[in-house]
Structure formats: structure tokens, C-alpha cells
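Chains F and P supply the protein sequences, listed in that same order. Residues in the first sequence are numbered from 153 upward in steps of one, following the working numbering. Residues in the second sequence are numbered from 153 upward in steps of one, following the working numbering. Structure first, commentary second.
There are 2 protein chains.
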Amino acid sequence: MQIDEIFEADKRLKKKKRTTPLLNSPFLDEIADKQIFIKAECLQHTGSFKFRGAYSAISSIPIEKRKKGVIAYSSGNHAQGVAFAAKIHKIPATIVMPQDAPEIKINNTKDLGAEVILYDRLSESREEIGQKISQEKFLSLIPPYDHNDVIAGQGTIGLEIARQAEQIGIRKADVLVCCGGGGLTSGIAVALSNFTPNFVTRPVEPEGFDDVVRSLEIGERQTNEKISGGLCDAIITPTPGKLTFPLMKKYCGGGIVVTDEQVMKAIALAFTRLRIVIEPGGAVALAAALFHSKKCDNETIIAVVSGGNIDPDIFKKALETI
Amino acid sequence: MQIDEIFEADKRLKKKKRTTPLLNSPFLDEIADKQIFIKAECLQHTGSFKFRGAYSAISSIPIEKRKKGVIAYSSGNHAQGVAFAAKIHKIPATIVMPQDAPEIKINNTKDLGAEVILYDRLSESREEIGQKISQEKFLSLIPPYDHNDVIAGQGTIGLEIARQAEQIGIRKADVLVCCGGGGLTSGIAVALSNFTPNFVTRPVEPEGFDDVVRSLEIGERQTNEKISGGLCDAIITPTPGKLTFPLMKKYCGGGIVVTDEQVMKAIALAFTRLRIVIEPGGAVALAAALFHSKKCDNETIIAVVSGGNIDPDIFKKALETI
């Protein structure tokens with residue numbers, strides 16, 4: 153995985169992705185007692201960063217193969233990203249989703265024109281289902297994170313952060329990233345490492361699902377005890393990716409773990425102070441910036457808010473914390 | 153009011169304002185049966201467009217006079233805009249606010265360092281209170297809309313819309329604007345009229361508070377029967393401004409009126425489809441784009457979402473409509 157691959161993905165995504173804004177609020181700075189900026193990737197097409205990786209990967213497939221269609225397995229955001237990227241390319245998409253994914257994500261994926269196949273997280277393997285259908289129907293598999301073109305697509309966020317930080321005069325910062333399999337985190341870390349050694353990329357995970365944070369501490373890939381059931385459904389993965397882990401090991405600083413309570417408060421503060429809607433899995437980095445700012449080296453923190461597809465009932469519960 | 157004043161305001165606001173994104177969603181296009189873009193000014197500093205006009209006006213005051221401080225009267229968003237713009241200029245701000253303004257807006261204004269004076273909307277005149285204190289303490293009055301520098305500041309949104317529309321290839325559009333006193337609407341209309349005759353700016357108001365829409369129909373300033381009590385508190389004004397009305401008469405197309413029910417649905421759809429938080433007064437233009445698209449001349453509609461400071465309880469009610 154080279155920086156050039158991120159530059160290439162950035163070219164393919166030009167005029168397709170949204171350049172999402174870097175937001176801030178004096179009220180949030182006060183809570184963290186540091187300067188906080190929020191990269192609002194919940195405002196990306198389909199409501200998460202996943203569109204970038206999906207578009208990057210699909211646009212890399214040779215045309216004749218691409219026409220046959222794509223398949224992906226995902227708890228929701230990657231599903232929508234692939235469905236929308238396929239729609240733009242005018243090719244069919246099949247998405248394998250867990251039965252317990254938020255209803256809104258399943259419905260959105262269908263509404264974006266994809267065929268959805270549901271599976272049971274506890275008894276079935278999404279990888280096996282995905283590969284079986286892929287082979288039967290000659291579909292190109294777009295993995296959620298362990299794929300160079302996907303990582304490169306997510307890395308375009310790092311390029312935007314570098315440009316936007318320069319514009320507002322930020323020279324040193326901790327960049328906190330919501331971390332599942334590590335596609336977003338490793339992509340951003342590779343992109344930023346190219347520009348300046350003064351940006352420290354750190355993965356952030358929810359308590360109980362901190363496989364990446366522990367893996368970085370120990371230096372080898374660790375596994376979570378539970379593989380479902382957390383609040384932060386979008387970033388629950390069993391273990392760091394085979395491709396993403398070496399990249400994170402090389403380019404990232406130590407990770408941060410947050411509680412579900414901190415996640416719910418971060419969602420509420422994003423509502424009152426930033427006027428953006430964020431989902432639990434997309435809020436862990438902001439929660440870390442607000443409530444664990446002392447774990448960061450720099451006085452400026454950039455938190456990547458990775459998604460905003462949240463069930464209304466969970467959002468209402470978050471608002472109760474105000 | 154000349155276009156040059158908007159260009160001057162744009163220079164003063166450079167690196168101070170946020171260039172807010174133009175968002176869209178295939179799901180919203182489907183509802184409207186037209187192509188809809190949303191200018192998300194709820195993502196501006198302090199959560200509404202009002203920061204632009206406030207900063208534009210304060211930065212125009214001669215330095216010696218400016219140092220004595222500013223005063224403003226406002227139902228909330230102008231209050232926060234003036235308080236934050238004064239904070240950046242490091243000068244004191246006094247804000248006269250109605251007792252029935254949303255608590256979050258009163259608290260935010262105080263937290264931004266302003267002194268807040270409350271008044272009763274039904275028995276007292278905010279203009280009189282504002283002018284009295286202004287004279288006693290030598291404070292510069294920053295009116296909410298009827299002031300050239302304020303209108304010019306809001307007009308910078310029109311410049312951004314023209315640039316952003318060009319970038320994505322939009323040549324013709326109806327631009328729908330949430331309208332209270334008309335500062336935002338007239339500023340945008342003047343700015344857009346300079347670029348192309350193919351953009352039609354239209355004010356949008358809530359049922360029962362449609363003074364501007366009726367005034368444009370009749371050709372003379374009309375007054376609302378009620379002066380408080382509506383859902384869309386941010387844009388409830390008794391009559392169009394003295395300065396803003398002639399501008400709207402010259403540069404605007406006919407207005408559109410929406411119901412409170414449509415406003416609540418627009419808030420919910422902005423939550424699920426755009427992942428932004430919008431307040432009732434800031435949602436009327438989106439409601440018009442979604443549910444009155446046939447009243448627009450063009451196949452593309454740009455709706456300006458003007459603010460996102462909403463009480464959590466009202467937001468929760470809006471989510472019930474999903």
C-alpha cells in the first residue's frame with residue numbers, strides 16, 4: 153500500500169465524492185480543554201466514508217468484469233456505499249447483510265437498488281456466503297476493508313484533512329479515527345504520514361470491541377471475545393485486517409478506548425454544538441477527543457466522524473443525556 | 153444595496169465564515185420528483201446564517217466606536233451570531249431576547265460571553281429597549297435584518313451558491329430561502345441576480361406568518377395577525393423590512409407557504425437522508441422543495457437550510473413522523 157495509490161483513488165473520486173467540512177465549536181473545545189476539529193464524514197454520500205472505498209474499488213475493476221456486477225458483505229454502511237457506487241456505475245450490486253443490522257441500513261441499501269441477502273451473524277460466515285455467490289454469478293467481491301483499492305479510497309480523507317489543516321494553520325495534531333477493521337484508520341495514517349510527521353493517527357474503539365487497540369499494544373493481531381451485540385454496530389469486527397494491521401502498526405500511534413456512555417454524550421453534543429447527526433460507531437473518535445484528550449500528544453485534535461446512519465430510537469436516547 | 157457591498161462583505165468574512173456544503177440525496181429527489189440541493193447553513197458558526205450578517209456589520213463599524221461594544225435584539229439565532237462575532241472582535245455584546253425564545257438559544261448566547269436582557273414579546277418593543285440601552289451605553293445597534301451591512305453579509309451565501317452551482321453544472325434553478333424579515337432572502341436575491349437571470353430566488357414562510365409572501369403578491373408591505381406562538385420561532389416577524397422589501401420586490405419570484413406538518417417531516421428527512429440537524433424556521437425552504445416542487449419553474453431546486461438550533465423535545469417529535 154503506497155501513497156500513490158491514494159492519489160490515484162483521489163483522481164477517480166474527483167467530482168464523485170463530497171469534500172466534507174472540518175467543523176468546530178468553542179463549546180467542545182471547552183469540554184476537551186484542547187482545540188478540537190471534526191471531520192464530518194457523516195455528510196458523505198450515503199452518510200458514511202464507506203462510499204469512498206466502494207467507489208475507489210469499483211472504478212478500479214476492468215470494465216468488462218465490472219459490468220457483471222459486484223457483491224459485498226457489510227453491517228450496513230459499506231453496503232450502502234457499494235450500492236450507491238454501483239448505481240453511479242450503472243452495474244448490479246448484491247449485498248450480504250446481518251439480520252440484526254439496523255433496519256434503516258437494510259432499507260436504504262435496498263432503496264439504492266441493491267439486492268440484499270440476510271445472514272445470521274452467530275451461525276453463518278459472511279465471507280463464505282459472499283465468496284460462494286461471487287463465484288456462482290461472476291460478481292466482483294468488494295471487501296469492507298482488507299483490499300488495497302478500498303483502503304486507498306478511505307485514505308482520500310487523509311488528503312483532505314492535510315489540505316484543510318494547512319488552510320486553517322494547523323501544523324501539529326492528533327487525528328482520531330473510528331476503527332472497525334482498520335480500512336479508514338490505515339488509509340488516513342498512510343496519507344498523513346506522507347505530508348508531515350507532526351500528525352499522529354490513532355484508532356478509537358468501543359469498550360469490549362478493542363481488538364485493534366490491544367493488537368497495537370501487543371504488536372500482534374488480537375481477537376474480541378464477542379462478535380456482535382455492541383452499541384457501535386458499524387465498527388464491530390472480530391480482529392484487525394490482514395492488510396490493514398501492518399499499516400496501522402507502522403503508521404499509527406496508540407489507540408484509545410471509549411465507553412458507550414461517552415459515545416451517547418458525543419452524539420448529543422454533536423446535535424447541539426455541530427448540528428450533525430452521528431451514529432454510535434461514527435462517534436467513538438469524537439468521544440475520545442472530548443473525554444480522553446489528555447491521551448493525545450498535541451493541543452489540537454482532529455476527530456473523524458465516520459457515519460451518521462442511526463436508528464431514531466437510539467438517537468432519542470442519546471438526546472436524553474442533554 | 154449594491155452587489156459590490158456583498159463582495160466587500162465577502163472579503164471581510166474571508167477565513168471567518170465557513171463555506172457550507174451543498175448536499176443532496178437521491179431519496180429527496182424522489183420525493184420532490186425534481187433534483188434538490190440543500191445549502192446547509194445550519195453548519196455555519198453558531199448554527200445559522202446569522203453569523204455572516206453579524207460579522208459583516210460589526211467589522212464595518214469604525215474601530216473606536218466598535219470598541220465600546222454592540223447591542224442586538226433577536227429571537228435567538230441573530231443573538232448567537234452577534235455574540236460570537238463580537239467575541240472574535242474581542243468587544244462586549246448585549247443581547248435583548250424574548251422570554252419565550254428556546255432555552256438553548258438563550259443559554260448559548262450567554263455562554264458565548266454576551267449579556268442577555270429578556271423582554272416580553274406581547275407587551276414590550278424590542279426595538280425601543282434596544283435603542284434605549286444603545287444610547288445610554290454608546291453601543292452600536294446591529295439590527296437583525298434591516299441594515300445594509302447585515303444584508304450584504306447574508307448575501308455572501310448567494311455568492312457561494314453561484315460558485316457551487318457552477319462547479320456541479322447547475323445552470324438554472326429555483327433558490328428557496330427561509331424568510332423572516334427578509335435579510336437572508338434579499339441578500340441572496342441581489343447576489344444571484346448579478347450572476348445569472350436563470351436563478352429565481354423565492355421566500356418561503358410558515359402558514360399564519362406569511363407576511364412576505366402576501367406582500368410580494370399585493371406589492372405592498374403586509375402584516376401578520378399573530379406576532380408569536382408559531383413552531384418556526386426563528387422566522388416570525390410582523391412585517392417585511394423597510395430595506396429588504398423593495399429588494400425582494402425587485403429581485404424575487406413569488407413566495408411559497410408551508411404547513412407545520414410539512415416542516416416537521418422536512419426535519420425528519422434531513423435527519424435520515426442528509427444527517428444534518430435543522431430547526432423549524434430553518435426547514436421551511438426544504439419543506440417547500442420537497443412538498444411544493446411544482447410551484448418552482450426549474451427542474452433543479454436549491455433550498456437554503458438557514459439554521460439548526462432546535463430544542464431536543466421538538467426534534468424528538470419530528471422524528472416521530474418517520
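All residues carry an ideal CB built from backbone N, CA and C; glycine is no exception.
Taking residue i as the reference, give the member of the options with the closest Cα.
{"i": "Pro250/F", "options": "Asp263/F, Tyr207/F, Ile269/F", "result": "Ile269/F"}
{"i": "Gln414/F", "options": "Ala184/F, Glu318/F, Lys242/F", "result": "Ala184/F"}
{"i": "Tyr225/P", "options": "Ile462/P, Phe290/P, Gln283/P, Arg425/P", "result": "Gln283/P"}
{"i": "Gln287/F", "options": "Glu377/F, Ile223/F, Ala422/F, Ser345/F", "result": "Ile223/F"}
{"i": "Thr337/P", "options": "Lys217/P, Asp298/P, Phe347/P, Lys468/P", "result": "Asp298/P"}
{"i": "Lys401/F", "options": "Cys384/F, Thr411/F, Leu368/F", "result": "Leu368/F"}
{"i": "Ile385/P", "options": "Ile454/P, Ile256/P, Tyr403/P, Leu311/P", "result": "Looking at the sequence shown, residue 385/P is not Ile but Asp. Here the closest residue by C-alpha is Ile256/P."}
{"i": "Ile213/P", "options": "Gly371/P, Val457/P, Thr452/P, Ser292/P", "result": "Ser292/P"}
{"i": "Lys219/F", "options": "Ala238/F, Ile258/F, Cys330/F", "result": "Ala238/F"}
{"i": "Gly405/P", "options": "Gly371/P, Phe423/P, Asp412/P, Leu311/P", "result": "Gly371/P"}
{"i": "Asp301/P", "options": "Ala420/P, Gln187/P, Ser208/P", "result": "Ser208/P"}
{"i": "Leu328/P", "options": "Arg366/P, Lys469/P, Ile340/P", "result": "Ile340/P"}
{"i": "Lys169/F", "options": "Cys194/F, Leu421/F, Leu438/F, Pro178/F", "result": "Cys194/F"}
Taking 9 Å as the threshold (C-beta atoms), are residue j and residue i in contact?
{"i": "Thr396/F", "j": "Gly333/F", "result": "yes"}
{"i": "Val436/F", "j": "Ala418/F", "result": "yes"}
{"i": "Thr161/F", "j": "Arg204/F", "result": "One detail in the question is off: residue 161/F reads as Ala in this sequence, not Thr. Yes, they are a contact pair."}
{"i": "Pro358/P", "j": "Pro432/P", "result": "yes"}
{"i": "Lys191/P", "j": "Ile309/P", "result": "yes"}
{"i": "Phe189/P", "j": "Ala317/P", "result": "yes"}
{"i": "Cys448/P", "j": "Val352/P", "result": "yes"}
{"i": "Ser380/F", "j": "Asp252/F", "result": "yes"}
{"i": "Thr171/P", "j": "Leu264/P", "result": "no"}
{"i": "Ser345/P", "j": "Ile155/P", "result": "yes"}
{"i": "Gly537/P", "j": "Gly360/P", "result": "Outside the shown range of chain P, which is 153 to 474, sits residue 537/P, and nothing can be said about it."}
{"i": "Ala231/F", "j": "Ile247/F", "result": "yes"}
{"i": "Leu442/F", "j": "Leu165/F", "result": "no"}
{"i": "Phe467/F", "j": "Leu471/P", "result": "yes"}
{"i": "Gln450/P", "j": "Ala325/P", "result": "Going by the sequence as given, residue 450/P is Asn instead of Gln. Against a cut-off of 9 Å, the Cβ pair of Ala325/P and Asn450/P comes out as a contact."}
{"i": "Asn376/P", "j": "Ile387/P", "result": "no"}
Mark residue i as exposed unless 16 or more other C-beta atoms lie within 10 angstroms of its C-beta, in which case mark it buried.
{"i": "Pro173/F", "result": "buried"}
{"i": "Thr261/P", "result": "buried"}
{"i": "Phe290/P", "result": "exposed"}
{"i": "Ser478/P", "result": "Nothing can be reported for residue 478/P, as the shown portion of chain P is limited to 153 through 474."}
{"i": "Asn229/F", "result": "buried"}
{"i": "Arg278/P", "result": "buried"}
{"i": "Pro296/F", "result": "buried"}
{"i": "Ile454/P", "result": "buried"}
{"i": "Pro254/P", "result": "buried"}
{"i": "Lys163/P", "result": "exposed"}
{"i": "Gly321/F", "result": "exposed"}
Considering just the uninterrupted stretch of the beta strand (DSSP E) at residue i, what are its terminal residues?
{"i": "Asp263/P", "result": "No beta strand (DSSP E) contains Asp263/P, which is instead part of the alpha helix (DSSP H) from 255 to 263."}
{"i": "Asp326/F", "result": "325 to 330"}
{"i": "Met249/F", "result": "245 to 250"}
{"i": "Pro214/F", "result": "Neither: Pro214/F is in no beta strand (DSSP E) and is coded neither H nor E."}
{"i": "Glu413/P", "result": "Here Glu413/P belongs to no beta strand (DSSP E); instead the alpha helix (DSSP H) covers 412 to 421."}
{"i": "Phe467/F", "result": "Unbroken run through Phe467/F is the alpha helix (DSSP H), 464 to 471; no beta strand (DSSP E)."}
{"i": "Pro398/F", "result": "Note, Pro398/F: premise wrong, no beta strand (DSSP E); alpha helix (DSSP H) at 396 to 403."}
{"i": "Gln187/P", "result": "187 to 192"}
{"i": "Ala386/F", "result": "Neither: Ala386/F is in no beta strand (DSSP E) and is coded neither H nor E."}
{"i": "Ala455/F", "result": "452 to 457"}
For residue i, which residues in chain P fall below 7 Å Cβ to Cβ?
{"i": "Cys194/F", "result": "Arg427"}
{"i": "Phe423/F", "result": "Val429"}
{"i": "Asp412/F", "result": "Those within 7 Å of Asp412/F in chain P number zero; the least Cβ separation is about 19 Å."}
{"i": "Gly199/F", "result": "Arg427"}
What span of residues does the alpha helix (DSSP H) with residue i cover, start to end?
{"i": "Ile287/F", "result": "For clarity, residue 287/F is Gln in the given sequence; the question names Ile instead. Per DSSP, Gln287/F belongs to the alpha helix (DSSP H) from 278 to 289."}
{"i": "Tyr297/P", "result": "First-last for Tyr297/P: undefined, no H or E at that position."}
{"i": "Thr337/P", "result": "335 to 347"}
{"i": "Ala439/P", "result": "432 to 443"}
{"i": "Val364/P", "result": "363 to 370"}
{"i": "Arg164/F", "result": "155 to 165"}
{"i": "Glu182/P", "result": "178 to 184"}
{"i": "Phe236/P", "result": "229 to 241"}
Who are the neighbours of residue i on chain P, taking C-beta pairs under 8 Å?
{"i": "Leu471/F", "result": "Pro464, Phe467, Lys468"}
{"i": "Ile474/F", "result": "Pro464"}
{"i": "Phe263/F", "result": "Correcting the residue type first, residue 263/F is Asp in the shown sequence and not Phe. Phe179, listed in chain order."}
List, in chain order, every chain F residue whose beta-carbon is nearer than 7 Å to that of residue i.
{"i": "Arg170/P", "result": "Pro173"}
{"i": "Gly460/P", "result": "Arg427"}
Would you say residue i touches the ligand MG, meaning its beta carbon is less than 8 Å from a heavy atom?
{"i": "Met249/P", "result": "Within the structure as shown, the ligand MG is missing, as the structure has no ligands at all."}
Please list the partners that residue i has in chain F, where partner means a Cβ-to-Cβ separation under 8 Å.
{"i": "Ile256/P", "result": "Thr424"}
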